[in-house]
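2 protein chains.
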Amino acid sequence: MPRVRIDLFASLDGYTSTGQTPENPMGEDWGRLTAAYAATRTFHERVLGDTSGVGTTGVDDSYAAAHFEGVGAEILGAAMFGLHTFPDDPHWRGWWGDQPPFGIPVYVLTHTAPRPSIPMQGGTTFHFRNTAIEDVLAEATVAAGRSDVRVGGGVSTARDFLRAGLVDDLHVMIAPILLGRGNRLWDSLDGLELTHQVSTEVAESGTTHVTFTR
Amino acid sequence: MPRVRIDLFASLDGYTSTGQTPENPMGEDWGRLTAAYAATRTFHERVLGDTSGVGTTGVDDSYAAAHFEGVGAEILGAAMFGLHTFPDDPHWRGWWGDQPPFGIPVYVLTHTAPRPSIPMQGGTTFHFRNTAIEDVLAEATVAAGRSDVRVGGGVSTARDFLRAGLVDDLHVMIAPILLGRGNRLWDSLDGLELTHQVSTEVAESGTTHVTFTR
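Taken in sequence, the protein lines are chains A and B. Under our numbering, the residue at position 123 of the first sequence is numbered 123, and the numbers go up by one with no gaps. Under our numbering, the residue at position 126 of the second sequence is numbered 126, and the numbers go up by one with no gaps.
Here you go:
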């Protein structure tokens, strides 16, 4: 059975970002939160297009590789796509250039009137939907065929799907840092360990990989 | 050099207790938070007095054993000793019976007039101090001799010592549960990873042991 998956970054004190603004949508500490992931060979190959073999190949890289495996459709929140940063630009096509790294249909959630779909190079097509998340997930599931659907974030979108009981696999990469402020990952997710099995693994980088699976 | 040490329990979302009241000072989820520790052979031997050899002997037990090693004096907050639960009982002698498991001098922090010290069976003496935490620590350090001083909690006392830069080793046992509410461990501790080295280890029980050391 195809699964619904989420991968998120958090600090040890449970923050997924700090100082997020429309102009700085990833926030001030994104680099520290994602440092171990950005150091992996998989990130270099799949996101930076650097196939020279640089990058770490340990536990972090195993999770990074799994992140890219078997995903047939993706769902993104409006902010993650940039709709909150560029609300008045009807031609905004995302942060990722002409050839986004998705290579699959990407469903962007919006509360405004949906825009026409945007086909990009490399197999990515951006679709815009302002219907219930269950309906968007149903459409994405059909589009994904036998592959999984990934809810790509941001964290509030991820929480919406988690609270609605729609997520099979949540993988959180916890960096060994304390941010003290920001966007809180775990709020309103209490009891998730009752519906999902929890497993934990520590990478060479000190990153703790926590996985909730059902 | 003797060290100043803290061991704490927390949930994955950073809560050290839920629903604490003077009548229920450990809170509603204490059993779930401490289940892996309470299952160790060391806990059975050192706290329950059961030397029959029952209990887990893996990673959790290693940390539990270390918790009891080399401590020459302990510091407790008023609530942890029970002063908030029994404020009007001048003869209150703590929760631990006639022979408390400390076996060392225990300094109880209080904002009220200090009570006379209480010598107990088995080497424990409770002292009451309403001076600055630095002064209490200095006195406890002398009492501990060549051994370490442990700040035994509760979490607000632990945070006071951490924020004041007085703690060499913080060990947090993180249970793989999400409580969603309660007393927050990590508040105001951001940047602790800049003054201390962080290491992380996962036990067979799923408990994550995070240690900050300087």
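All residues carry an ideal CB built from backbone N, CA and C; glycine is no exception.
- Separation of B/R46 and B/A38 (C-alpha to C-alpha, rounded to the nearest whole angstrom) is 11 Å.
- With the rule of 3 Cβ pairs closer than 8 Å, the segment 163-175 of chain A does not count as touching the segment 166-173 of chain B.
- Ranked by how close their Cα comes to the Cα of B/E193, the residues A/A203, A/D190, A/L179 have A/L179 in first place.
- Residues of chain A whose Cβ lies closer than 8 Å to the Cβ of B/S188 are, in chain order, G180.
- For B/V155, the enclosing alpha helix (DSSP H) covers residues 155-163.
- Around B/T200, the beta-carbon contacts reaching into chain A at under 7 Å are P176, V202, G206, T208.
- Here B/V149 is bridged, per DSSP, to B/V4, B/A73.
- Contact annotation: B/S205 and B/D88 have beta-carbon atoms that are not nearer than 7 Å.
- In its chain, beyond the 5 residues on either side, R184, L185, W186 have a beta carbon closer than 8 Å to the beta carbon of B/G14.
- Interface criterion not met: the Cβ of A/G19 is under 7 Å from no Cβ in chain B.
- By the Cβ neighbour-count rule, A/H91 is exposed, with fewer than 16 other Cβ atoms within 10 Å of its own.
- A/Q20 sits buried, since 16 or more C-beta atoms from the chains shown fall within 10 Å of its C-beta.
- Between A/A73 and A/I104, the alpha-carbon positions lie close to 6 Å from each other.
- For B/D13, the chain A residues whose Cβ falls inside 9 Å of its Cβ are G14, R184, L185, W186, D187, L189, D190, in order along the chain.
- Per the C-alpha coordinates, the member of A/Y63, A/R5, A/I75, A/W30 positioned closest to A/L109 is A/I75.
- Here DSSP, grouped into helix, strand and coil, assigns A/E28 to coil.
- The C-alpha of A/T195 is placed about 24 Å away from the C-alpha of A/T207.
- Collapsing the DSSP output to three states places B/D169 in a strand.
- The beta carbons of B/P114 and B/R129 sit about 6 Å from each other, so the pair counts as a contact at 8 Å.
- The three-state reading of DSSP puts A/T110 in coil, since its state is none of H, G, I, E or B.
- Between the C-alpha atoms of A/A10 and A/R146 there is a straight-line separation of about 30 Å.
- Between B/G82 and B/G154, the beta carbon gap of about 11 Å keeps them out of contact (Cβ cut-off 8 Å).
- For A/E193, the C-beta contacts it makes with chain B under 7 Å involve P176, I177, L178, in order along the chain.
- Positions of the alpha helix (DSSP H) runs, each at least 4 residues long and wholly inside the segment 37-63 of chain B, are given as 41-46 in order along the chain.
- A residue is called buried when at least 16 other Cβ atoms come within 10 angstroms of its Cβ; B/V54 does not meet this threshold and is exposed.
- Judged by beta-carbon spacing, B/D98 lies beyond the 7 Å limit of B/I133, meaning their Cβ atoms are not closer than that value.
- Assigned with DSSP and collapsed to three states, A/H209 falls in strand.
- Looking at the DSSP output, B/A10 sits in a beta bridge with B/I174.
- Taking the C-beta atoms as reference points, A/T34 is found no nearer than 7 Å to A/R181.
- In terms of Cβ geometry, A/T51 and A/T40 do not form a close pair [threshold 7 Å].
- B/T200 and A/V106 have their C-alpha atoms some 36 Å from each other.
- A residue is called buried once 16 or more other Cβ atoms fall within 10 Å of its Cβ, and B/R150 is buried on that count.
- 7 Å or more divides the Cβ of B/V202 from the Cβ of B/F212.
- In the DSSP annotation of this structure, the continuous segment of the beta strand (DSSP E) that includes B/E201 starts and ends at 197-202.
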